[in-house]
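What follows is a short report on a single structure.
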Amino acid sequence: SSSFAGSDSRDNYTVGFALSQNIFDFGRSLSNWRMSKEEANAVSFILNTTGQNILFNVEEAYYNHLRALRLRNVNEEAVASAGLHLKQAQGFYEIGIRPKIDVARANVDLSNAKVGLIKAKNAVRLAKVDLDNAMGLNEPVSYQIQDDMGLTKSDYHIDDLLIIAYRNRPELLELDARSRALEQKIKFNKSEHLPKLSGRLSYDWEGESSPLDREWRAGITLDVPLFSGLDTSYRLKEAHENLKGLNSRIDSLKLQIKKEVEQAILSLREAEERLLATRVAVEQGRENLRLAEGRYKVGLATIIDLTDARVLLLEVNTNWIQALYDYKIADALTKKSAGTIPFRIED
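Here is the structure:
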């Protein structure tokens, strides 16, 4: 700092600098630093929550797209099968083996199969829109996705998964960080009732002409808060109430996490059981269609038997595909409920 003063033709000059340092404030500065650190941690956990949600949404959309592609494929097979049955019915009718109603029935069956294929193709387009949106693509982009047919049998236990979830869920970690920040805020507010000891060192140049006189000054200051008691007490009470409310939110969130973990595991187990059951049903459905086609060729089955066998195979194929991707999504949801979806914030 500097100052200049003058009277008549005489000027007085003062130039100097000063340093001050906190010596002891009963932990006020440390509490403030820890509070800021925990608040920064809370923000990072918010980002982690957002990141895990985005990754899960992308994974879910990815599996739904694969589901739609496979359902389109089985509907294409159904149309091809219905077309073959129509040709057989027409051929048998032309040589007088089968009545014309078989041809009409086969035509209706082919039309129904085509309607199913139209719906399946549109489902593929809708699933791609969902995947594009999940990935944040603003404009349509052409790309190919790789099918994931690998299956890893789940071996989750609710108690173990809950321990992992309470340790890893970023939403819970965020509230824990905010709770610790409030605890530090309470310590900070308590310390405001107490004095603050600080030191000051200054060096000045002063005089009317050069060279100026030099002077060192050093001192210790004790600040004692005399008139801030009510304000400090109010802020301390407010911090205690906020901490109490935050701890209630933590308890509620733990109950919600427990519910999500249990629901995810139950959905996973259900999909796993359906997957095992429908895998056998697909083989049986194929065998049933093969037998129906053979019996129809030799006149031992009707066109209705043939149509029923084709529709049944489409149904069991659809059920198997639904179970497969329900399982994969449930597995991803289980990881999300435990907070174990890998996510890292890049600097």
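For the sequence shown, the positions run 934 to 1280 when this note's numbering is used.
Yeah, the Cβ is synthetic: ideal placement off N, Cα and C, and Gly gets one too.
As the structure is a prediction and not an experimental result, all values here were calculated from the model.
* Report the three-state DSSP secondary structure of S1131 (helix, strand or coil). => Strand at S1131.
* To do: State the DSSP-derived secondary structure class of R1031, mapped to helix, strand or coil.
  => In the structure shown, R1031 falls within a coil segment according to DSSP collapsed to helix, strand and coil.
* Asked: Considering only residues of the same chain and omitting the five flanking positions on each side of D1137, which have a CB-CB separation below 6 Å?
  -> Around D1137: G949, E1148.
* Asked: Which of helix, strand or coil does DSSP assign to N1122?
  -> Secondary structure at N1122: helix, using DSSP grouped into helix, strand and coil.
* Asked: In terms of alpha-carbon separation, which member of L1108, G1132, P1103 lies closest to D958?
  -> Cα-wise, what sits closest to D958 is G1132.
* Asked: How about the stretch 1215-1227 and the stretch 1186-1193: do they share at least three Cβ pairs that are nearer than 8 Å?
  -> Touching, no.
* Asked: Does the Cβ of V1074 have 16 or more other Cβ atoms within 10 Å, making it buried, or fewer, making it exposed?
  -> Under this definition V1074 is an exposed residue.
* Asked: When burial is assigned at 16 or more other CB atoms within 10 Å of the CB, is R1243 buried or exposed?
  -> Sixteen is the threshold: when 16 or more other Cβ atoms of the shown chains lie within 10 Å of the Cβ of R1243, as they do, the residue is buried.
* According to the neighbour-count rule (16 or more other Cβ atoms, all chains shown, within 10 Å of its Cβ), is G1272 buried or exposed? -> Here G1272 is buried. Its C-beta has 16 or more other C-beta atoms within 10 Å.
* Spell out the partners DSSP gives G949 in its beta bridges. => Here G949 is bridged, per DSSP, to D1137.
* Length of the line joining the Cα atoms of E1116 and L1176 -> The alpha-carbon atoms of E1116 and L1176 are separated by roughly 7 Å.
* Straight-line Cα distance separating K1129 from I1119 -> Looking at the two C-alpha atoms, the distance is approximately 17 Å.
* Buried or exposed by the 16-neighbour rule on C-beta atoms within 10 Å, applied to N1283 -> Absent from the model: residue 1283. The displayed extent of the chain is 934 to 1280, so no value can be given.
* In its own chain, which residues sit with a C-beta less than 7 Å from the C-beta of D941, not counting the 5 before and 5 after it? -> Residue placement at D941 is flagged as unreliable, the pLDDT there being 48, under the threshold of 50; the coordinate-derived value follows with that caveat. Once the five neighbours on either side are set aside, D941 has no close Cβ partner at all.
* CA-CA distance, L1064 and Q1077? -> So the alpha carbons of these two residues sit roughly 12 Å apart.
* Asked: Using a Cβ-Cβ cut-off of 8 Å (strictly less than) and excluding sequence neighbours within five positions of E971, which residues of its own chain qualify?
  -> Taken in chain order, the residues that qualify are A1110, R1111, R1113, A1114, Q1117.
* Asked: Based on Cα-Cα distance, which residue from T1165, L1108, Q1079 lies nearest to S1124?
  -> Its Cα nearest to that of S1124, the residue T1165 stands out among T1165, L1108, Q1079.
* Asked: How would you call H1126, buried or exposed, if buried means at least 16 neighbouring beta carbons within 10 angstroms?
  -> Around the Cβ of H1126, a 10 Å sphere holds fewer than 16 other Cβ atoms; the residue is exposed.
* Taking only runs that begin and end inside the stretch 1221-1272, name each unbroken alpha helix (DSSP H) of 4 or more residues, in chain order. => Taking only runs of at least 4 residues, the alpha helix (DSSP H) segments lying wholly in the stretch 1221-1272 are 1236-1271.
* Residue nearest to I979 in terms of C-alpha spacing, selected from A1210, T1154, P1103 -> Ranking the options by Cα distance to I979, first place goes to P1103.
* What are the partner residues of Q954, as DSSP defines its beta bridges? -> Its beta-bridge partners are G1132.
* Does DSSP classify T1165 as helix, strand or coil? -> Of the three classes helix, strand and coil, the one that applies to T1165 here is helix, per DSSP.
* To do: Select from Q954, T1235, Y1260, V976 the residue whose C-alpha is nearest the C-alpha of L1105.
  => It is V976.
* With a 10 Å radius around its C-beta and 16 neighbouring C-beta atoms as the bar for buried, classify H1090 as buried or exposed. => That one is exposed.
* To do: Report the residue from L1257, L1239, Q1196 whose alpha carbon sits nearest the alpha carbon of L1209.
  => Nearest C-alpha to L1209: L1257.
* Straight-line gap, M968 to S1185 (C-alpha atoms, nearest Å) -> If you take the alpha carbons of M968 and S1185, they lie about 24 Å apart.
* **Distance between beta carbons of K1061 and H998, contact taken as under 8 Å** => The C-beta distance from H998 to K1061 rounds to 6 Å, short enough to meet the 8 Å contact threshold.
* By Cβ distance, which residues of its chain are closer than 7 Å to R1031, with the 5 residues on each side in sequence left out? -> By the criterion of a C-beta distance shorter than 7 Å, R1031 is surrounded in its chain by A1022, F1025, once the five residues flanking it on both sides are discounted.
* Keeping to the same chain, check which residues put their C-beta closer than 8 Å to that of I1097; ignore five residues upstream and five downstream. => The answer, listed in chain order, is A1271, G1272, T1273.
* Taking C-beta to C-beta, are A1197 and D1259 nearer than 9 Å? -> No, the Cβ-Cβ distance between A1197 and D1259 is not below 9 Å.
* So, are the CB atoms of V1281 and T1267 less than 9 Å apart? -> Here the chain comprises residues numbered 934 to 1280, so residue 1281 is not present and cannot be evaluated.
* To do: Quick one: measure Cβ to Cβ for I1236 and D1035, integer angstroms, because I've assumed they're closer than 8 Å.
  => Indeed, because the Cβ distance is near 4 Å, the residues count as touching under 8 Å.
* Asked: L1245: beta carbon under 8 Å from a heavy atom of the ligand ZN?
  -> In the structure shown, the ligand ZN is absent, as is every other ligand, since no ligand is present at all.
* **Cut-off 8 Å between Cβ atoms - residues of its own chain near R1182, not counting five sequence neighbours on either side** => The answer, listed in chain order, is L1108.
* To do: Would you mind sorting D1093 into buried or exposed? The rule is 16 or more other CB atoms within 10 Å of its CB.
  => Around the beta-carbon of D1093, fewer than 16 other beta-carbon atoms lie within 10 Å, marking it exposed.
* To do: Look at the Cβ atom of E993, then the Cβ atom of A1067, and state whether they are nearer than 9 Å.
  => Taking C-beta atoms as the reference points, E993 and A1067 count as a pair closer than 9 Å.
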